[in-house]
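A.B. asks: Sending over a structure as C-alpha cells; questions will come in a sec.
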C-alpha cells in the first residue's frame, strides 16, 4: 500500500515493543521500521514505564536529527517530567492504560499530521504549571510567556509601524538610550541580526 506512514517503536522491554508492533501492524496506514534515528520513521512511539534523562535525550535526538514526531506512551509523569517532555519536543502523550489499538493508531495519525495530543488531566496540569511559571518567575522579572517584557513589546510594536529610535523614545517617554538598549536586549536574547530581524521575528512568533 502506497503512502503508508513509517513508524518506529522504542520500548523499555521487548514484550511491550512486540505488543505495540502487533497493534500497529493491524492498521494498513502504518509501516513499521526498525531504527528511530536513521531518518526513515515519520513517527517514533516511545513506550516507557518511567521517564529517564536518557529517554528524553533520545527524544531530543530523534527530533533534531530526523524531524520525526515523538509519541510517548507512559505509565506515570511527575510535574517535572511533564515540563521536560514538552521541552523535549514530543508531540503527544498517551497513558499506557488508555493505549488501546484504536486510540494508539489515532494518536500516531495525528502526530504524523503534526497535531499534538495530551490527556485532559495532563493538559490541566500543564496549564497550572504555566500559570505558576508566569506568576512566580516571569512576572517578577517583568517578562511574559513570550519572553518579552512589556517595554520591549511596546518598542517593537512601534518599530514595526516604522517609527525610528527618536520617535519611539518620544512616543513612549523613554530616552533614546533606553530604546536602543531594549532593542539590543531582544536581538541578543534571540540571536537576531538587527532591529529589522527582531521586528520580523516578533511578528512571525506572535510576540507583538
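In our numbering, the protein residues as written are 46 to 253.
Even glycine gets a Cβ: it sits at the ideal position worked out from N, Cα and C.
1. Which of helix, strand or coil does DSSP assign to residue 107?
2. What ranges does the beta strand (DSSP E) occupy inside the segment 217-251, keeping only unbroken runs of at least 3 residues that lie completely in it?
3. With a floor of 4 residues, list each alpha helix (DSSP H) that falls wholly inside the segment 94-164, ordered by position along the chain.
4. Please state whether the Cβ-Cβ distance between residue 66 and residue 54 is less than 7 Å.
5. Once DSSP output is grouped into helix, strand and coil, what is the label at residue 169?
6. Contact defined as beta carbons within less than 8 Å: I believe residue 257 pairs with residue 101. What is the distance between those atoms, to the nearest angstrom?
7. Within 10 Å of its beta-carbon, does residue 137 have 16 or more other beta-carbons around it, so buried, or fewer, so exposed?
8. For residue 77, does the three-state DSSP call read helix, strand or coil?
9. Is residue 107 closer than 7 Å to residue 113 when the C-beta atoms are compared?
10. Would residue 108 pass as an interface residue toward chain B - the criterion being a Cβ-Cβ separation below 7 Å?
11. Bridge partners for residue 91 per DSSP, in chain order?
12. Is DSSP giving residue 253 helix, strand or coil here?
13. What does DSSP give as the partner residues of residue 50 in its beta bridges?
14. Just how far apart, CA to CA, sit residue 249 and residue 238?
15. Give the single residue among 192, 223, 217, 154 whose Cα lies nearest to the Cα of residue 73.
16. Determine, using beta-carbon pairs with one atom in the segment 156-171 and one in the segment 212-220, whether at least three such pairs fall under 8 Å.
17. Find the nearest neighbour of residue 148 within the set 68, 241, 63, 234, judged by alpha-carbon distance.
18. Take residue 58 and list the residues in its own chain whose beta-carbon comes closer than 7 Å to its own, dropping the five residues that flank it on each side.
19. Flag this pair as yes or no: are the beta carbons of residue 88 and residue 52 separated by less than 7 Å?
20. Assign residue 200 to one of three DSSP states: helix, strand, or coil.
21. Determine the direct distance from the alpha carbon of residue 78 to that of residue 232, and round the result to whole angstroms.
22. Evaluate residue 46 with the Cβ neighbour count: other Cβ atoms within 10 Å of its Cβ, from every protein chain shown; 16 or more gives buried, anything less gives exposed.
C.D. replies: The answer reads as follows:
1. Locating residue 107 in the chain shown gives position 62, where the first residue counts as 1. Three-state DSSP puts residue 107 in a helix.
2. Runs of the beta strand (DSSP E) inside the segment 217-251: none found.
3. With a minimum length of 4 residues, the continuous alpha helix (DSSP H) runs that stay inside the segment 94-164 are 98-110, 124-133, 146-157.
4. What you label residue 66 is simply residue 21 of the chain shown in a count that begins at 1. What you label residue 54 is simply residue 9 of the chain shown in a count that begins at 1. When the beta-carbon positions are compared, residue 66 and residue 54 come within less than 7 Å of each other.
5. Here residue 169 refers to the residue found at position 124 when the chain shown is read from its first residue. It is helical.
6. The question about residue 257 has no answer, for the chain in this structure spans 46 to 253.
7. For the purposes of this step, residue 137 is taken as the residue at position 92 of the chain shown. The residue is buried, with at least 16 neighbouring Cβ atoms inside 10 Å.
8. Numbered from 1 along the chain shown, position 32 holds the residue referred to as residue 77. Here residue 77 sits in strand by DSSP.
9. Taking the first residue of the chain shown as 1, we reach residue 113 at position 68. Taking the first residue of the chain shown as 1, we reach residue 107 at position 62. Contact: yes.
10. Annotation note: the requested chain B is absent from the structure, which comprises a single protein chain.
11. Looking up residue 91 in the chain shown gives position 46. Partner residues in the beta bridge of residue 91, as assigned by DSSP, are 55, 117.
12. Counting from 1 along the chain shown, the entry for residue 253 is found at position 208. DSSP places residue 253 in coil when its eight states are reduced to three.
13. The residue given as residue 50 occupies position 5 in the chain shown. In DSSP, residue 50 forms a bridge with 75.
14. Position 204 of the chain shown, counted from the first residue, corresponds to residue 249. Position 193 of the chain shown, counted from the first residue, corresponds to residue 238. Spanning the two alpha carbons is a distance of roughly 15 Å.
15. What you label residue 73 is simply residue 28 of the chain shown in a count that begins at 1. For the set 192, 223, 217, 154, the Cα lying nearest the Cα of residue 73 is the one of 154.
16. These segments do not touch.
17. By one-based count along the chain shown, residue 148 stands at place 103. Proximity to residue 148 across 68, 241, 63, 234 peaks at 68, based on C-alpha coordinates.
18. By 1-based counting over the chain shown, the position of residue 58 is 13. Within its own chain, no residue has a Cβ closer than 7 Å to the Cβ of residue 58 once the five positions on either side in sequence are excluded.
19. Counting from one through the chain shown, the residue named residue 88 turns up at place 43. Counting from one through the chain shown, the residue named residue 52 turns up at place 7. Against a cut-off of 7 Å, the Cβ pair of residue 52 and residue 88 comes out as a contact.
20. For this step, residue 200 is matched to residue 155 along the chain shown. Three-state result, residue 200: helix.
21. Here residue 232 is taken as the residue at index 187 of the chain shown, counted from 1. Here residue 78 is taken as the residue at index 33 of the chain shown, counted from 1. For residue 232 and residue 78, the distance between alpha carbons rounds to 42 Å.
22. Residue 46 sits at position 1 when you count from the first residue of the chain shown. Residue confidence is low: residue 46 scores 44 on pLDDT, short of 50, so the model does not pin down where it sits. No coordinate-derived value is stated.
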